[in-house]
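Heads up: the structure comes next, in structure tokens.
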Amino acid sequence: MATTVENNPYSGLNGVSTGKTTDKSSSKSSADEIQNQFMTMLVTQLRNQDPLNPMQSAEMTSQLAQINTVSGIEKLNSTLSSMMSTYNASQSMQAAAMLGKNVLIPGGNLGLVKSQAVGGFELDGDADKVTLTIKDADGKVVNTVDLGAAKAGSHLYAWDGKDDTDTVLKDGTYTVTVEATKGGTAVTSRPLQLGMVSAVVRGKSGYQLDVGTGTLINYDDVRQIL
């Protein structure tokens with residue numbers, strides 16, 4: 001603890017010392033300060049209360065509860081802040097570990113390379129029939145693939161690059177849509193596309209990934225890591 005003493009050279013003229021002592025020790029937390037202020041106000045109120053109309057026990061209990069509430073909120077905020085820091089550090093490490101990995105993200109692009117293509121789809125509920133419709137760059141349907149039944153969640157599939165006549169198509173970017181039903185009733189579904197994580201960027205809303213689509217995607221948009 002360091003102490004600084006300031007002396008006024010004119011203090012002797014009127015016989016009054018004006019020396020000041022400044023305590024530079026670390027201050028208490030804001031929660032303790034607020035609690036001390038509440039206690040000081042409560043004690044002052046008790047000392048100056050009307051003896052003929054003293055503070056009721058219920059009123060005193062209410063004020064003490066307010067003290068605990070304020071202190072509890074301060075501690076809760078501190079705990080949440082600590083948890084967020086830990087979460088951000090954990091997410092940073094997880095995002096960095098994804099560099100160079102292939103991931104499935106929302107999107108309908110399907111890249112065909114050497115007669116091989118990998119994509120995915122996501123279902124909000126169980127389906128007894130899932131159908132993929134694949135189109136070329138001109139929007140022409142080249143194949144319709146029946147994948148059968150599938151459970152709710154994200155799924156991976158592979159396409160051999162052949163059209164509905166079993167002819168091998170040339171490499172390039174195709175598009176795919178997915179349709180799912182259960183007992184003749186539509187099940188909400190969406191296609192997933194493959195991308196490789198080449199960069200991790202920290203934005204205002206969290207970490208984002210560059211997967212070669214031309215726009216950054218949110219870390220939470222990743223459905224599978226392959």
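Note that the numbering used here gives residue 91 to position 91 of the sequence shown, counting from 1, and the numbers run on in steps of one. The C-beta atom is built at its ideal place from N, Cα and C for all residues, glycine as well.
Cα-Cα separation, residue i to residue j
i, j, result
"residue 116", "residue 202", "33 Å"
"residue 114", "residue 134", "17 Å"
"residue 104", "residue 223", "5 Å"
"residue 161", "residue 206", "37 Å"
"residue 229", "residue 137", "What is shown of the chain runs 1 to 226, which leaves residue 229 out entirely."
"residue 150", "residue 107", "19 Å"
"residue 208", "residue 100", "14 Å"
"residue 155", "residue 77", "40 Å"
"residue 175", "residue 81", "44 Å"
"residue 221", "residue 102", "13 Å"
"residue 94", "residue 200", "10 Å"
"residue 225", "residue 123", "17 Å"
"residue 109", "residue 204", "28 Å"
"residue 210", "residue 216", "5 Å"
"residue 36", "residue 188", "57 Å"
"residue 27", "residue 79", "Bear in mind that the predicted position of residue 27 carries a pLDDT of just 43, short of 50, making it unreliable; the figure below should be weighed with that in mind. Each residue's Cα considered, the two are about 20 Å apart."
"residue 145", "residue 214", "28 Å"
"residue 166", "residue 153", "30 Å"
"residue 5", "residue 218", "Low confidence applies to residue 5: its pLDDT is 46, below 50, so where it sits in the model is not reliable, and the reading given next is rough at best. Their backbone Cα atoms lie some 57 Å apart in a straight line."
"residue 163", "residue 140", "11 Å"
"residue 22", "residue 40", "Reliability of the predicted coordinates at residue 22 is poor, the pLDDT of 45 falling under 50, and no value is obtained from them."
"residue 111", "residue 195", "10 Å"
"residue 118", "residue 177", "14 Å"
Element boundaries [beta strand (DSSP E), containing residue i]
i, result
"residue 193", "189 to 196"
"residue 199", "199 to 203"
"residue 180", "172 to 182"
"residue 142", "141 to 150"
"residue 153", "153 to 159"
"residue 116", "Careful: residue 116 lies outside any beta strand (DSSP E) and carries neither H nor E."
"residue 212", "Where residue 212 is concerned, there is no enclosing beta strand (DSSP E), given that its DSSP letter is neither H nor E."
"residue 133", "127 to 135"
"residue 103", "102 to 106"
Closest by C-alpha distance to residue i, when choosing among the options
i, options, result
"residue 97", "142, 204 and 197", "197"
"residue 168", "148, 95 and 142", "142"
"residue 212", "193, 159, 204 and 164", "193"
"residue 185", "153, 125 and 163", "125"
"residue 172", "166, 165, 164 and 159", "159"
"residue 190", "112, 111 and 121", "121"
"residue 157", "164, 163 and 147", "147"
request  = Decide yes or no for the touch test of the segment 120 to 130 against the segment 181 to 197: beta carbon pairs closer than 8 Å, at least 3 of them.
outcome  = Contact between the segment 120 to 130 and the segment 181 to 197 is present, because at least three Cβ pairs lie under 8 Å.
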